[in-house]
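What follows is a set of notes on a single structure, which appears directly below.
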Amino acid sequence: QSKFNAQSSVSFFDPIMQEQVNKVVELENDLRHALDQKQLQLYFQPQYDQNRSITGCEALIRWVHPTKGLISPAEFIPLAESSDLILLIGDFVISTACQKLAAWQAEAFTANWTLAINISARQFQCKDFVERVMQHLSDAQAPANRLKLELTESLLIDYTDEAVAKMSQLKKVGVHFSLDDFGTGFSSLSYLKKLPFDQIKVDKAFIHDLINNHSDEAIIRSVLAMGKAFDMNVIAEGVETEQQLQKLKELGCYFYQGFYFSKPMSDQQLFSWIDQLSAD
Ligand code: C2E
Ligand code: MG
Ligand code: MG
Ligand code: MG
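Take the sequence shown: its position 266, counting from 1, is numbered 264 in the numbering used here, and each next residue is one higher.
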């Protein structure tokens, strides 16, 4: 008797699973309306250099749900990615970011800030991705050389030639590229030399235990060496303590993002925060 026969008596109807399916369907329907109802918002988390000067921000999407409260992108972005919804959301993010960059450029205090946005695979792989970005930049009259696109490794596997072509076109007008969540994927490093990234973003998984964990330190050292070799700057995400910051500096990492400096802020919070800083 194989174990497969024994399993054939398992019922196909599982009320718990059914409930989960219902929840996903409900969430997806809600998400479709969320854009029109302006429930999706960009939050902004500042990025810093070694002098604690702000170099810019990363835009992180939030869903302000009328009954469920603030929903994290980890919950709805994967859902959106399973359909064309991610394209609508992606367009919203790019256009909102371009408007923000145009507004920042008009103020002396923020004029040099960059804005990084997260791009998902399906969005980047769209035939007209480059045209869309160009269109949003020109609609908002935003400075292209302040826009940074964060791509992940998984997005680039099996897709290297097209990726290089798209990145090169956007780099011609000044757009920057950052390789997000670096170190968490399984792809070979050989793609790194082909892809024209300006920045490598070390995943926060390697920062968390940095003080006690020698392998994390070794990984960060090698990422920094690679950054040097490929002429890409290296930014650490998820910096939460002074100790981590000091260690990173010691290792030669000069760009940072994390709760130690600032949490992601709503548009309103960002406004008053900038007001305060520029008044000092
Ligand atoms: P990510 O791009 O790697 O973003 C970094 C995540 O780390 C953010 O989570 C941020 O809030 C969080 N974080 C920042 N500093 C710290 C820290 O010091 N400690 C810890 N523990 N976490 C920190 P968030 O905002 O929940 O976003 C999660 C992921 O959702 C993002 O990871 C990104 O992959 C995706 N995402 C966010 N916004 C967008 C978007 O507009 N479009 C797409 N396609 N994906 C997005
Ligand atoms: Mg990111
Ligand atoms: Mg990241
Ligand atoms: Mg991440």
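Note that CB positions come from ideal geometry on N, CA and C, so glycine has one too. The structure presented is a predicted model; accordingly, all values stated were derived computationally and were not measured.
Among the options, the one whose alpha carbon lies nearest that of residue i
i    : options                   : result
T239 : Y258, F228, I69 and D214  : Y258
L149 : A100, V162, A119 and F127 : A119
A78  : W102, N27 and V62         : N27
K261 : R219, W271 and F253       : W271
R30  : L86, N49, S51 and P64     : L86
K125 : A32, E160, S93 and R60    : E160
Y189 : N211, M224 and D214       : M224
Where residue i falls, given that 16 or more other Cβ within 10 Å makes a residue buried
i    : result
K21  : exposed
D201 : buried
R144 : buried
G67  : exposed
S176 : buried
T112 : buried
M15  : exposed
T108 : buried
Q197 : buried
L153 : buried
A106 : exposed
F269 : exposed
K1   : Caution is warranted here: a pLDDT of 46 is assigned to K1, below 50, making its placement in the model unreliable, and the coordinate value is therefore given only provisionally. By the 10 Å Cβ count, K1 comes out exposed.
D34  : exposed
L187 : exposed
Distance cut-off 7 Å: residue i Cβ against heavy atoms of ligand 3
i    : result
D201 : yes
E238 : no
E79  : no
E235 : yes
Contacting residues, own chain, Cβ-Cβ under 7 Å from residue i (five flanking each side not counted)
i    : result
A142 : L135, V171, G172 and V173
V62  : Q37, Q39 and L68
F283 : Outside the shown range of the chain (-1 to 278) lies residue 283, about which nothing can therefore be said.
K191 : F228
D273 : none
I209 : Q241, Q242 and K245
T182 : D201 and A203
N3   : The pLDDT assigned to N3 is 49, lower than 50, so where the model puts this residue is not dependable; a value taken from the coordinates is nonetheless given after this. For N3, where only same-chain residues beyond five positions count, there are no Cβ hits under 7 Å.
Near ligand 1: residue i beta-carbon under 7 Å from a heavy atom
i    : result
S152 : no
F257 : yes
S167 : The amino acid occupying residue 167 in the given sequence is Gln; Ser does not appear at that position. Result no, Cβ not under 7 Å from ligand 1.
D265 : no
Q103 : no
A216 : no
beta-carbon residue i near ligand 2 non-hydrogen atom, thresh 7 Å
i    : result
N116 : yes
E17  : no
E160 : no
D178 : yes
E26  : no
Contact set for residue i: own chain, Cβ-Cβ below 8 Å, skip 5 residues either direction
i    : result
I84  : I75, A78, S118, R120 and Q121
F180 : E151, I198, K199, V200, D201 and V221
T158 : Y189, K192 and L193
Residues of its chain near residue i, where Cβ-Cβ distance is below 6 Å and the 5 sequence neighbours each way are ignored
i    : result
A95  : A57, L113 and I115
G236 : K202, I205 and G256
S81  : none
P195 : Pro is not the amino acid found at residue 195; the sequence shown has Phe there. Taken in chain order, the residues that qualify are F175, L177 and M230.
S276 : F107
Is the region 32 to 45 touching the region 54 to 64, taking contact as three or more C-beta pairs under 8 Å?
Yes, the region 32 to 45 touches the region 54 to 64.
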